[in-house]
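In what follows, a single structure is set out as C-alpha cells and then discussed.
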Amino acid sequence: MRFYAFMQRVGWPRSYRGKILAICFVGTHVPLIALIAWLIGTGPVEGGLAEILVVLAATLLGTAGALLGLSAMLSPILHATQTLDAYAETGRRPDLPTVHGDAAGRLMASVQMTLTQLDRTIETLESLSVTDPLTGLYNRRWLDDRGERIVAEARRERRPLSLLVIDVDRFKSFNDEHGHAVGDQVLILVADAIREGAGGHGVRLGGDEFCVLLPDADRKTAEATARRIRLASELGVERFVAAFAEVTLSMGLATLGPDDRTFDGLFSRADEQLLTAKRKGRNRLSAG
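With UniProt numbering as the guide, the letters of the sequence shown map in order to residues 1 to 288.
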C-alpha cells in the first residue's frame, strides 16, 4: 500500500489505469535505456546501428501490445467501479459477469452478489416499513405517501376513485371481554376479507380502523366491493368467534368528486359517512 500511496501523490498520469500503464512502460524500457546509456558511455557507435534500431522498434511494438493488453485486463476493475457508482447514484441493478475464476472475475462476482443481496434487503426493508405487522395490509405511512398521488393521478386522467373507511363495531368492548389474542385474530380475519373483497389497496389505519382505496371504482362498484368485504368478514369471523359474540363492520364510502382536491378531503368525507353509519346503528354502509 505504500507504493500505491506514493503513486497517488504523483501528479501525472492522474487516472489509475494511466499510472499502471506508466509503470509498465518504464519497466519494459529499462533494458533499452540501459543499453543506450552503455553505448553512449563507451564512445561513438561504429557498428551495430541497425541492430540497435531493430531492438528499439521491437521494444516499442512490444510495449504497445503489452499496454493494450494490460488496459483490457484492467477493464473488470473499472467496470466493477462504474457499476458501484451507478448503483449508488440511480439504484440500477448490476449486470456483471460471474463465470470467471481469476481475481478480477471473483471481484466482479462479489460485487454482483453483494449488490443483488443489498437490493433485496432494501426491498424487504421498504416493504416492512409500509406494512402493518399484524394484518399484512399497508400501514398509515404507505397511505400518507401514496394517497395524494393516487388522487392526483385519478384527477389528471379523469378516472373514478372511491375510498372505504371501515371500523369494527364495539371492538374495544370485544377486546376487554375476550382478550387481545382473540381480538387480534378478528383483525387478521377482517384484513383477509379486505384482501379477498378489494385486492391490494387495503390499509390498517390503527387499532380496529381500516380503509380501502379503490382506483377505477365509481360509487356503484365501490358499494359492491363493500358488500363483498362484509360477506367475507362475516364468513371468516363467524367460524372463529361465533361462540363468543357477533362481530360486525361499519363502513363509510366517498367517491372522488370535482370538489375533492386532495386525499385529505376525500378521506374526511368517507370518515363522515362512517360516523353516519355508526349513528344509524352500526353494521351498515353509508355512502355520500
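Just so you know, even glycine gets a beta-carbon here, dropped at the ideal spot from N, CA and C.
Member of T114, T135, N139, D264 whose CA lies at the smallest distance from the CA of E126:
For the purposes of this step, residue 126 is identified with residue 126 of the sequence shown, where counting begins at 1. Checking every option, the nearest Cα to that of E126 belongs to N139.
Using beta-carbon positions only, say whether F263 and G147 come within less than 8 Å of one another. For the purposes of this step, residue 263 is identified with residue 263 of the sequence shown, where counting begins at 1. For the purposes of this step, residue 147 is identified with residue 147 of the sequence shown, where counting begins at 1. In contact: F263 and G147 (Cβ atoms closer than 8 Å).
State the start and end residues of the unbroken alpha helix (DSSP H) segment that holds E153. The count along the sequence shown starts at 1 and reaches residue 153 at position 153. Residues 140 to 157.
Going by other Cβ atoms of all chains shown within 10 Å of its Cβ, with 16 needed for buried, is G257 buried or exposed? By one-based count along the sequence shown, residue 257 stands at place 257. With fewer than 16 Cβ atoms within 10 Å of its Cβ, G257 is classed as exposed.
| field | S15, buried or exposed, once every other Cβ within 10 Å from all chains shown has been counted against 16 | value | Taking the first residue of the sequence shown as 1, we reach residue 15 at position 15. Per the 10 Å Cβ criterion, exposed.
**Q.** Short Cβ contact (8 Å threshold) for L275 with A191
**A.** Counting from 1 along the sequence shown, the entry for residue 275 is found at position 275. Counting from 1 along the sequence shown, the entry for residue 191 is found at position 191. Contact: no.
field: Reduced DSSP category for E246 - H, G, I as helix; E, B as strand; rest coil
entry: Numbered from 1 along the sequence shown, position 246 holds the residue referred to as residue 246. Of the three classes helix, strand and coil, the one that applies to E246 here is coil, per DSSP.
Enclosing alpha helix (DSSP H) for D271 [first to last residue]: Counting from 1 along the sequence shown, the entry for residue 271 is found at position 271. Note, D271: alpha helix (DSSP H), 263 to 279.
| query | Quick one: Cα of V203 to Cα of L107, how far? | reply | Counted from its first residue, the sequence shown places residue 203 at position 203. Counted from its first residue, the sequence shown places residue 107 at position 107. If I take the Cα positions, the gap works out to 43 Å.
Assuming contact is defined by CB atoms lying nearer than 8 Å, are R282 and D169 in contact in what I supplied? One-based indexing of the sequence shown puts residue 282 at position 282. One-based indexing of the sequence shown puts residue 169 at position 169. Yes, these two residues count as a Cβ contact at 8 Å.
Next on the checklist: With DSSP as the reference, identify every bridge partner of M251, one or two as the case may be.
Outcome noted: Position 251 of the sequence shown, counted from the first residue, corresponds to residue 251. Bridge partners of M251: I166, L285.
What is the DSSP secondary structure of P215, counted as helix, strand or coil? In the sequence shown, residue 215 corresponds to position 215, counting from 1. Looking at P215 - three-state DSSP - the assignment turns out to be strand.
R156 versus V186 - alpha carbon distance: Position 156 of the sequence shown, counting from 1, holds the residue named residue 156. Position 186 of the sequence shown, counting from 1, holds the residue named residue 186. Approximately 38 Å, taken between the alpha carbons.
| request: Go ahead and label T121 buried or exposed: buried means 16 or more other beta carbons lie within 10 angstroms of its beta carbon, across all protein chains shown. | output: Looking up residue 121 in the sequence shown gives position 121. Under this definition T121 is an exposed residue.
Problem set entry | Other residues of its chain near D271: CB distance less than 8 Å, five sequence neighbours each side excluded | On the sequence shown, position 271 is the one that residue 271 refers to. Here the set comprises V165, G252.
Are the beta-carbon atoms of D167 and E234 separated by less than 8 Å?
Within the sequence shown, residue 167 is the residue found at index 167, counting from 1. Within the sequence shown, residue 234 is the residue found at index 234, counting from 1. No, the Cβ-Cβ distance between D167 and E234 is not below 8 Å.
Considering only the alpha carbon of each residue, which of V237, F240, L161, E177 lies closest to T255? Reading the sequence shown from its first residue, position 255 is the one you call residue 255. The shortest Cα separation from T255 among V237, F240, L161, E177 belongs to L161.
Check: Where A193 and R230 are concerned, what is the direct C-alpha to C-alpha distance, given to the nearest angstrom?
Finding: Translated into the one-based positions of the sequence shown, residue 193 becomes position 193. Translated into the one-based positions of the sequence shown, residue 230 becomes position 230. Going from the Cα of A193 to the Cα of R230 covers about 8 Å.
- Use the C-beta contact count for G200: other C-beta atoms within 10 angstroms, 16 or more gives buried, fewer gives exposed. Here residue 200 corresponds to residue number 200 of the sequence shown, with the count starting at 1. So G200 counts as exposed.
**Item:** V203 in three-state terms, based on DSSP
**Value:** Within the sequence shown, the letter at position 203 stands for residue 203. Looking at V203 - three-state DSSP - the assignment turns out to be strand.
- What's the call for G179, buried or exposed, on a 16-neighbour Cβ count within 10 Å? Reading the sequence shown from its first residue, position 179 is the one you call residue 179. Per the 10 Å Cβ criterion, exposed.
Taking its Cβ as the centre, do 16 or more other Cβ atoms sit within 10 Å of G207, making it buried, or is it exposed?
Residue numbering aside, residue 207 sits at position 207 when the sequence shown is read from its first letter. Classification for G207: exposed.
Exercise. Given a threshold of 16 other Cβ atoms within 10 Å of its Cβ, counted over all protein chains shown, does A57 qualify as buried or as exposed?
Worked result: Numbered from 1 along the sequence shown, position 57 holds the residue referred to as residue 57. So A57 ends up on the exposed side.
- Pick helix, strand or coil for L96, following the three-state DSSP scheme. Taking the first residue of the sequence shown as position 1, residue 96 is located at position 96. Reduced to three states, the DSSP call for L96 is coil.
Mind checking which residues open and close the alpha helix (DSSP H) that includes G257? Within the sequence shown, the letter at position 257 stands for residue 257. Here G257 belongs to no alpha helix (DSSP H), and DSSP marks it neither H nor E.
Exercise. Report the residue from T116, L61, S129, V151 whose alpha carbon sits nearest the alpha carbon of R261.
Key: Counting from 1 along the sequence shown, the entry for residue 261 is found at position 261. If we check each option's Cα against that of R261, V151 comes out closest.
Query - Coarse secondary structure for L84, derived from DSSP in three states - result: Against the sequence shown, residue 84 aligns to sequence position 84. If DSSP states are grouped into helix, strand and coil, L84 belongs with the helices.
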